[in-house]
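Note that the protein sequences, when read in sequence, are chains F and Z. Counting from 1, position 158 in the first sequence corresponds to residue 158 in the working numbering; the numbering is continuous, with no gaps. Counting from 1, position 154 in the second sequence corresponds to residue 154 in the working numbering; the numbering is continuous, with no gaps.
There are 2 protein chains.
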Amino acid sequence: MPHVSPTTPASAAVRSDVQRNRRALLDAARQLLAVRGDVPMYEVARRAGVGQATLYRHFPDRRALIAAVAEEVLDAVEEEAAAIPPGPGALEALLRLIVASMVRTHALLQVVEDESSNPREPGTLLHGLVQRLLGMVAERFAPAKAAGVLRQDLTVDDVMLVLGMAKGVIEGLPADERDAASARALELALHGILAPRRRGG
Amino acid sequence: MPHVSPTTPASAAVRSDVQRNRRALLDAARQLLAVRGDVPMYEVARRAGVGQATLYRHFPDRRALIAAVAEEVLDAVEEEAAAIPPGPGALEALLRLIVASMVRTHALLQVVEDESSNPREPGTLLHGLVQRLLGMVAERFAPAKAAGVLRQDLTVDDVMLVLGMAKGVIEGLPADERDAASARALELALHGILAPRRRGG
DNA sequence: CCTCTAACGGACAGCGTTCTCCGTTTCGCT
DNA sequence: AGCGAAACGGAGAACGCTGTCCGTTAGAGG
C-alpha cells in the first residue's frame with residue numbers, strides 16, 4: 001500500500017467550510033464573551049450561524065473554546081506588547097495592556113483566574129496560556145525591579161496578584177463601566193490609596 | 001370579633017422548631033459558603049438536617065438565603081468594627097476586618113459584587129446590605145482623609161473598589177491560600193507596587 | 001458532472017439544580 | 001392525653017445547559 005486510493009488524498013487540505021466555520025465560531029465566542037463569561041454553548045453556535053454539533057466538532061468542550069479564544073486574545077496582546085519600548089516602564093505599560101484586554105473578553109479573565117487557583121499545576125487546558133502570560137510579565141518585571149521602579153520586596157507573584165485584583169473589579173460590572181473602573185483600580189494598585197510617604201518607608 | 005378563638009393565638013409565638021431550623025440552615029449555609037459560592041440549595045438543607053421544603057419556607061429563594069447569611073456576617077463585622085478606636089487609622093483597620101470576613105464567606109463577596117454592579121439601584125435584596133457596608137466605610141473615610149492619611153484625590157468609591165479587588169483575589173483561590181493572598185493584595189492596594197516616591201507626587 | 005467522504009445541523013438524551021406538592025409529623029395549648 | 005394548626009420532608013416537576021446521534025448537505029477531485 002505505498003499509494004493511496006484515488007478519492008482519498010493522503011493528507012486532505014482543510015476544507016474551506018471548516019476554516020470558515022472555525023473563524024465564525026471564534027468570532028462569535030469572542031463577541032459574546034465580551035459581555036458575559038457564562039455564555040451557553042448553543043448561543044455561540046447560533047451567533048456563528050452553525051449547528052451545535054459543528055461547535056463541538058471544532059472544540060471538544062466549553063473549556064477548549066474558551067482557551068482558543070483566550071489564545072487569540074493573548075496573541076493580540078503579545079503583538080501590542082512588542083511595540084512597548086523595553087525598559088523600566090515596560091511592565092506598567094504591559095499591565096495596562098493586559099487589563100484593557102481583560103475588559104474586552106472574559107476569556108482572559110478565565111486565564112487569570114486559573115493562574116491564581118492552580119499556578120503550577122499543569123494538565124489544564126489553560127495552563128499553557130497561563131505560562132505565556134506569566135512569561136510576558138516576568139520578562140518586563142526584572143528590568144523594572146532592577147531599575148528601582150518597583151518596591152524592592154516585590155515578586156512576580158505580586159504582579160499577578162494585581163491582575164487578579166483587576167479581574168475582581170471587572171467581572172460583574174456592566175460593560176460600559178469596566179474601562180474606567182479597571183483603569184482606576186490599576187492606578188490604585190500601582191500607587192496605593194495611602195498618602196505618599198515622605199521617605200522610603 | 002374583639003377576641004380570638006381559643007386555638008388561634010392572635011400573634012403566635014415563633015415555634016421552637018422553626019427557630020431551631022432557621023439557625024441550623026443559616027449555620028449550614030455559612031459553613032458551606034465558606035468554601036464555595038455556588039452551593040446547591042439541597043446541600044444546605046442536607047447539611048442542616050432538614051428537608052428542602054423547610055429551607056424554602058424560611059428563605060423564598062437562593063438570594064434570600066445568601067442575603068440572610070451576609071446579614072449575620074455583617075453584624076459580626078460591625079461588632080468587631082466597634083472595637084476599632086476612631087481616628088485616621090480606623091479605615092485601614094476596617095478594611096482588614098472586612099477582607100478577613102470576605103475570606104470566610106462567599107456571602108460577603110456577593111454583597112461586594114452587588115455593590116460594584118449596581119451601586120445605586122435599590123430593590124435588590126442585597127441592596128440594604130450594600131448600603132450598610134458603604135456606611136461603615138464612609139464613616140471611617142472622612143476622618144482618614146481629613147487627617148491626610150489618604151491620597152487627596154480619593155473618594156469612597158475608590159475604597160469600595162479596593163474591596164472589589166480583594167474579591168477578585170479571593171474567589172477561585174483554594175481556601176488555604178486566601179488569607180495570605182488577600183492580605184497581600186490589600187497591602188498592595190494600600191501602598192501600591194511602585195517604589196515609594198521621594199516627594200508628595 | 002459525478003461520486004465519495006467529510007462536515008453539517010437540528011433534535012434529543014442526560015444531568016444537575018431550583019423550587020413545589022402533599023401526605024405526615026410535631027408543636028403548643030387546654 | 002387530646003386536638004387543631006402550622007411546619008416538616010421526600011419525591012418529583014420544571015428548567016437550562018452540555019454534549020451526542022444520525023439523516024442530510026456540500027466540498028473537492030476525477
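Cβ atoms here follow ideal geometry from the backbone N, Cα and C, with glycine treated the same way.
Interface residue (Cβ-Cβ distance to chain F less than 8 Å): residue 58/Z is not classified as such.
Fully contained in the segment 52 to 80 of chain F are the following alpha helix (DSSP H) runs of length 4 or more, in chain order: 52 to 58. Bounds of the alpha helix (DSSP H) holding residue 135/Z are 127 to 146. Among the bridge pairs identified by DSSP, residue 194/Z is matched with 150/F. The beta carbon of residue 164/F sits closer than 7 Å to those of 112, 116, all from its chain and outside the five residues before and after it, given in chain order.
Ranked by Cα distance from residue 108/F, the first of 46/F, 160/F, 177/F is 160/F.
Classified as buried, residue 105/Z has 16 or more neighbouring CB atoms from the shown chains inside 10 Å of its CB. At a cut-off of 8 Å, the C-beta of residue 169/F has a neighbouring C-beta in chain Z. When Cβ-Cβ separations below 8 Å define contact, residue 193/F makes contact with chain Z.
Proximity of residue 113/F to chain Z, defined by a Cβ-Cβ separation below 8 Å, is satisfied.
Relative to the Cα of residue 140/F, the nearest Cα in the group 66/F, 96/F, 127/F belongs to 96/F. Within the segment 177 to 191 of chain F, the residues whose Cβ lies closer than 7 Å to any Cβ of chain Z are, in chain order, 181, 184, 185, 188, 189, 190, 191. Residue 43/F sits in a helix when the DSSP states are folded into three classes.
Ranked by Cα distance from residue 18/Z, the first of 41/Z, 37/Z, 48/Z, 42/Z is 48/Z. Exclusion of the five residues before and after residue 166/Z leaves 99, 102, 182, 185, 186 as the residues of its chain whose Cβ lies within less than 7 Å of its Cβ.
Against chain Z, the beta carbon of residue 38/F has no neighbour under 9 Å; the closest one sits roughly 11 Å away. Rounded to whole angstroms, the Cβ separation of residue 137/F and residue 156/F is 6 Å, and the two are in contact under 8 Å. Rounded to the nearest angstrom, the Cβ distance from residue 169/Z to residue 168/F is 6 Å, consistent with a contact under 8 Å.
At a cut-off of 8 Å between beta carbons, residue 166/Z contacts chain F. Remark: C-beta atoms of residue 189/Z and residue 193/F approach each other more closely than 8 Å. The shortest CA-to-CA distance from residue 56/F to any of 25/F, 93/F, 38/F is the one to 25/F. In the DSSP assignment, residue 164/F falls within the unbroken alpha helix (DSSP H) covering 156 to 170. The beta carbon of residue 161/Z sits closer than 8 Å to some beta carbon of chain F. Between residue 68/Z and residue 54/Z, the C-beta gap is not smaller than 8 Å, which leaves the two residues out of contact.
Residue 63/F has a beta carbon lying at 8 Å or more from every beta carbon in chain Z. Contact of residue 116/F with chain Z by beta-carbon distance below 8 Å involves 169, 172, 173, 181. For residue 126/Z, the CB contacts under 6 Å within the same chain, skipping 5 residues up- and downstream, are 67, 111, 114 in chain order.
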